[in-house]
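Student: In order, the protein sequences belong to chains Z and B.
The first sequence begins at 1 in our numbering and counts up one residue at a time.
The second sequence begins at 1 in our numbering and counts up one residue at a time.
C-beta: ideal position from N, C-alpha, C; glycine also.
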Amino acid sequence: MRVPLRHKQHHLTVELRPAGGTFHVTVDQSEHIVETQVLDASTVVISIDGRRVRAHIARDGHQRFVAVNGAVFAFAFEPGSAATHDVGSTASPEIVAPMPGKVLQVLAAVGQHVDMGDGLLILEAMKMESRLSADAAGTVRDVRVQPGDMVDGGQVLVVLEYDPA
Amino acid sequence: MFRRVLIANRGEIAVRLIRACQELGIATVAVHSEADAAAPHAVLADHAVCIGPAPATESYLDIPRLIEAARATGADAIHPGYGFLAENAGFARAAIDAGLTFIGPRPDAIAAMGDKIAARRRVAAAGVPVVPAVEDVADAAAAAAAVAQVGFPLLIKAAAGGGGKGMRVVRRPDELDDAFAAAGREAGAAFANSRLFLERYLERPRHVEIQVLADHHGHIVHLGERECSVQRRHQKIIEESPSPALTPALRDRMAAAAMLAAQTVDYVNAGTVEFLLEPGGQFYFLEMNTRLQVEHPVTELVTGIDMVHAQLRVAAGEPLWLTQADIHPTGHAIECRVYAEDPAQRFLPSPGTILQLREPHGPGIRVDSGVRQGFSVPVHYDPLLAKVAAWSDTRETARHRLVRALRDYVVLGCTTNVAFLIDVLEHPAFAAGDTHTHFVDAHFPAWQGRTDDRLVAAIVAALDIARTHRTGPSRPDQLAEASPWVTLGTWRLSHGSQG
């Protein structure tokens with residue numbers, strides 16, 4: 001079974017093959033032998049190629065939160081996605097709000113050309129101002145908010161069309 | 001002693017204050033916004049009063065509502081905690097005018113130290129060293145003129161408040177206008193006062209602060225130092241006591257300067273004098289925080305003195321029960337702040353609902369937490385979830401203890417900085433005590449987390465999804481048979497998504 005996952009903007013596919021009590025697992029072309037020991041509904045001791053760690057999991061719809069060694073990773077299950085391309089390098093042309101907040105200033109206009117790192121807008125959330133910038137050079141195709149707008153986390157604020165590499 | 005204390009705060013510090021009152025047999029009144037009705041502090045106190053909607057300006061910063069809540073519940077004192085109104089002289093005055101005891105310094109001392117410009121002048125006149133600065137800068141044109149005196153790099157700061165709000169570093173002339181405008185807006189929003197000042201930006205200073213405690217009868221002691229050099233966005237994330245950089249002689253000199261600074265305003269109760277310390281041992285007064293500090297637990301762990309108990313006793317008029325000779329810090333304590341934020345995305349806040357929470361424990365571990373499982377971290381306030389501190393006989397064992405505790409920390413539902421804190425604590429420069437206020441930028445310019453932990457997490461997530469989703473892309477039933485969670489009968493029953 002192939003499980004397409006997204007962690008932030010990184011897509012990865014985990015392929016699981018049961019093999020007599022253990023699993024053969026392939027993640028982005030690397031193969032691993034995995035054994036598990038379930039402790040309770042949300043805790044598992046997992047041994048990957050002989051490295052043994054305890055992991056905790058929580059579920060929210062298609063999301064899975066996993067804690068390993070204090071680190072937390074949020075994965076979205078994307079059953080419909082192509083999910084075969086290993087991204088990590090391609091910047092998203094959609095600039096989304098990283099959290100709920102208020103738009104303080106819009107710095108870019110439709111049709112404007114921006115360079116990598118140029119500010120697009122300033123968002124205020126949790127008492128801090130943060131500047132959202134272009135991940136790569138491109139042209140502003142759409143600006144979907146105005147100063148003063150309250151936005152939700154994940155909401156698309158600006159759409160860019162990146163310059164051809 | 002007081003009969004009933006109103007806690008004018010939220011989060012972990014409100015929990016800490018309520019517990020301290022309970023330990024002294026004092027009844028407590030919690031206040032909360034509509035977003036915090038089920039917050040841990042609100043359910044812990046003897047009484048809880050809703051003081052308004054979620055935005056802090058309409059609740060935790062609303063002085064008339066807080067005073068009315070105190071009056072209506074029969075409280076005889078108010079503890080402000082830190083942040084919110086803790087350094088607002090008007091709030092202290094309003095409390096006193098309503099016949100309540102404000103647990104902190106007198107309003108005039110708060111006002112005197114709260115205006116950074118006046119405070120700097122005042123302590124400099126008393127002989128406390130200060131950083132070169134231009135004090136009162138009203139607009140961008142004045143800022144440009146001030147640059148000639150201060151030079152680059154320089155720091156723009158809010159004249160009121162602290163905690164990194166309204167602060168900007170400017171390294172090049174063309175950055176000045178934007179930085180000035182943003183700092184002014186942030187300062188205005190956070191403190192209702194947009195006055196700014198510029199000062200020389202020291203390149204590799206340590207942040208070292210001295211805890212002082214003074215009573216109403218003219219006695220003052222210090223409880224040693226805390227080093228808080230590891231910061232992000234100008235906000236401390238790791239604090240320790242003692243500082244690896246201080247010799248006994250330097251400690252004595254800094255403590256003497258701190259007490260001198262406090263005495264310029266006839267300071268009463270617990271307060272902290274912050275200094276920047278340069279590699280050569282020169283130190284400069286930064287500001288005085290006229291309240292309990294976030295990082296007070298490290299002082300408590302090495303001195304054995306409960307700072308909140310001390311605040312309550314001093315506020316009730318008790319003369320200091322300690323002389324300087326009675327204070328003997330022992331061992332080493334390190335604290336780190338656990339935030340709902342993403343260190344891989346410039347530490348942006350990452351609020352969410354806490355789906356699962358397991359806080360660490362064990363010998364020498366202290367957790368000051370303001371959340372619990374099922375709680376939605378509100379977007380309206382500071383994203384601090386908890387503080388984790390470790391004490392041991394040496395710095396090295398305290399450091400290992402804290403790393404061990406953080407590895408055991410499970411908080412699921414929002415992104416946290418725990419993995420980042422572990423990496424900082426394990427960095428060779430931190431292990432060597434070689435810290436300065438730009439430590440994070442210098443050593444972790446583009447932190448992304450450990451890929452081996454991400455691999456483990458991805459496999460765990462995939463196994464769980466294989467188990468809980470009926471309609472997988474291929475032969476889900478067969479996979480489910482062998483999936484690790486399938487054997488757990490009760491779990492199958494309670495979640496029931498797999499036939």
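DSSP three-state call for Pro378(B): helix, strand or coil?
Tutor: In the structure shown, Pro378(B) sits in coil (DSSP, three-state: anything other than H, G, I, E or B).
Student: Do we get a CB-CB distance below 7 Å when we pair Glu335(B) with the residues of chain Z?
Tutor: Taking Cβ atoms only, chain Z never reaches closer than 7 Å to Glu335(B), which makes this a no.
Student: Could you say which of Pro164(Z), Asp149(Z), Phe75(Z), Gly119(Z) lies nearest to Ile57(Z) if we only look at CA atoms?
Tutor: Of the candidates Pro164(Z), Asp149(Z), Phe75(Z), Gly119(Z), the one whose C-alpha sits nearest the C-alpha of Ile57(Z) is Phe75(Z).
Student: Helix, strand or coil for Gly188(B)? Go by DSSP, reduced to three states.
Tutor: Three-state result, Gly188(B): helix.
Student: Would you list the one or two residues that DSSP bridges to Ser30(Z)?
Tutor: In DSSP, Ser30(Z) forms a bridge with Val27(Z).
Student: Contact criterion: CB-CB distance below 7 Å. Does Pro80(B) meet it with respect to chain Z?
Tutor: Chain Z contact via Cβ: absent.
Student: Determine the chain B residues that contact His56(Z) at a beta-carbon separation under 9 Å, and present them in chain order.
Tutor: The contacting residues are Gln356, Arg358, Val410, Leu412, Val460.
Student: Quick one: using the 10 Å Cβ neighbour count with 16 as the cut-off for buried, is Trp321(B) buried or exposed?
Tutor: Trp321(B) should be labelled exposed.
Student: According to DSSP, simplified to helix, strand and coil, what is Cys21(B)?
Tutor: The answer is helix: DSSP assigns Cys21(B) an H, G or I state.
Student: May I have the straight-line CA-CA distance separating Asp135(Z) from Ala109(Z), to the nearest angstrom?
Tutor: Distance between the alpha carbons of Asp135(Z) and Ala109(Z): 16 Å.
Student: Indicate whether Pro501(B) and Met126(Z) have their beta-carbon atoms separated by less than 7 Å.
Tutor: Outside the modelled stretch of chain B, which goes from 1 to 499, sits residue 501(B), for which no answer is possible.
Student: In chain Z, what lies closer than 7 Å to Ile465(B) by C-beta?
Tutor: Per Cβ cutoff of 7 Å: Val3, Arg64, Phe77.
Student: Around the Cβ of His7(Z), are there at least 16 other Cβ atoms within 10 angstroms (buried) or fewer (exposed)?
Tutor: Looking at its Cβ environment, which holds 16 or more other Cβ atoms inside 10 Å, His7(Z) is buried.
Student: Pairs of beta-carbons, one from the region 167-177 of chain B and one from the region 104-124 of chain Z, closer than 8 Å: are there three or more?
Tutor: Contact fails: fewer than three Cβ-Cβ distances are below 8 Å.
Student: In this structure, how does DSSP classify Val38(Z) when only helix, strand and coil are distinguished?
Tutor: Strand.
Student: If you compare alpha carbons, which of Val44(Z), Arg141(Z), Ala137(Z), Ala97(Z) is closest to Leu121(Z)?
Tutor: Of the listed residues, the one whose Cα sits closest to Leu121(Z) is Ala97(Z).
Student: Taking Pro147(Z) as the reference, which of Ala137(Z), His62(Z), Gly101(Z) has the closest Cα?
Tutor: Of the candidates Ala137(Z), His62(Z), Gly101(Z), the one whose C-alpha sits nearest the C-alpha of Pro147(Z) is Gly101(Z).
Student: Which residue comes first and which comes last in the alpha helix (DSSP H) that contains Phe420(B)?
Tutor: Looking at the DSSP string, the run of the alpha helix (DSSP H) that includes Phe420(B) is 418-425.
Student: So is Pro507(B) buried or exposed if we call it buried at 16+ other beta carbons inside 10 Å?
Tutor: The question about residue 507(B) has no answer here: the residues shown for chain B are numbered 1 through 499.
Student: When you compare the CB of Val96(Z) with every CB in chain B, is at least one pair closer than 7 Å?
Tutor: Output row for Val96(Z): interface = no.
Student: Anything in chain A within Cβ reach of Pro100(Z), meaning under 9 Å, just list it in chain order.
Tutor: Of the protein chains in this structure, namely Z and B, none is chain A.
Student: Using a beta-carbon distance below 7 Å, is Gly50(Z) in contact with chain B?
Tutor: No, its Cβ sits nowhere closer than 7 Å to a Cβ of chain B.
Student: Roughly how many angstroms lie between the CA atoms of Ala462(B) and Gly138(Z), to the nearest whole one?
Tutor: Their Cα atoms are separated by approximately 35 Å.
Student: Here's the rule I'm using: 16 or more other beta-carbon atoms within 10 Å means buried, otherwise exposed. How should Ser474(B) be labelled?
Tutor: Interpretation of Ser474(B) is limited by its pLDDT of 40, a score under 50 that renders its predicted location unreliable; the figure taken from the coordinates is listed afterwards. The residue in question, Ser474(B), is exposed, as its Cβ has fewer than 16 Cβ neighbours within 10 Å.
Student: Are the CB atoms of Val44(Z) and Ala55(Z) nearer to each other than 7 Å?
Tutor: Closer than 7 Å, so yes.
Student: In whole angstroms, give me the CA-to-CA distance for Arg251(B) and Glu225(B).
Tutor: About 8 Å.
Student: At what residues does the beta strand (DSSP E) containing Val29(B) begin and finish?
Tutor: Here the beta strand (DSSP E) through Val29(B) covers 27-32.
Student: If you draw a straight line from the C-alpha of Gly25(B) to the C-alpha of Asp46(B), how long is it?
Tutor: Those two C-alpha atoms are separated by around 12 Å.
Student: Would you please verify whether the beta carbon of Asp477(B) is less than 7 Å from any beta carbon of chain Z?
Tutor: Note that Asp477(B) scores 42 on pLDDT, short of 50, meaning its location in the model is unreliable; the coordinates nonetheless yield the value given after this. By this cut-off, Asp477(B) is not an interface position.
Student: Look at the alpha carbon of Val68(Z) and the alpha carbon of Thr416(B), and state the distance between them as a whole number of angstroms.
Tutor: Looking at the two C-alpha atoms, the distance is approximately 12 Å.
Student: In angstroms with no decimal places, state the Cα-to-Cα distance between Leu276(B) and Ala245(B).
Tutor: The alpha-carbon atoms of Leu276(B) and Ala245(B) are separated by roughly 12 Å.
Student: So which of Ala190(B), Ile334(B), Glu203(B) has the shortest CA-CA distance to Arg171(B)?
Tutor: Here the closest residue by C-alpha is Glu203(B).
Student: Does the Cβ of Asp477(B) have 16 or more other Cβ atoms within 10 Å, making it buried, or fewer, making it exposed?
Tutor: Its pLDDT being 42, under 50, Asp477(B) is placed unreliably in this model, and the value from its coordinates should be taken loosely. Result: exposed.
Student: Any idea if His217(B) is buried or exposed, counting beta-carbon neighbours within 10 angstroms, 16 or more meaning buried?
Tutor: By the neighbour-count rule (16 or more Cβ atoms within 10 Å), His217(B) is not buried but exposed.
Student: Which complete alpha helix (DSSP H) runs does the region 393-419 of chain B hold, if anything under 4 residues is left out?
Tutor: For the region 393-419 of chain B, whole alpha helix (DSSP H) runs of length 4 or above, ordered along the chain, are 395-407.
Student: Identify which residue in Val268(B), Asn289(B), Glu58(B) has its Cα closest to the Cα of Arg120(B).
Tutor: Considering only alpha carbons, the answer is Asn289(B).
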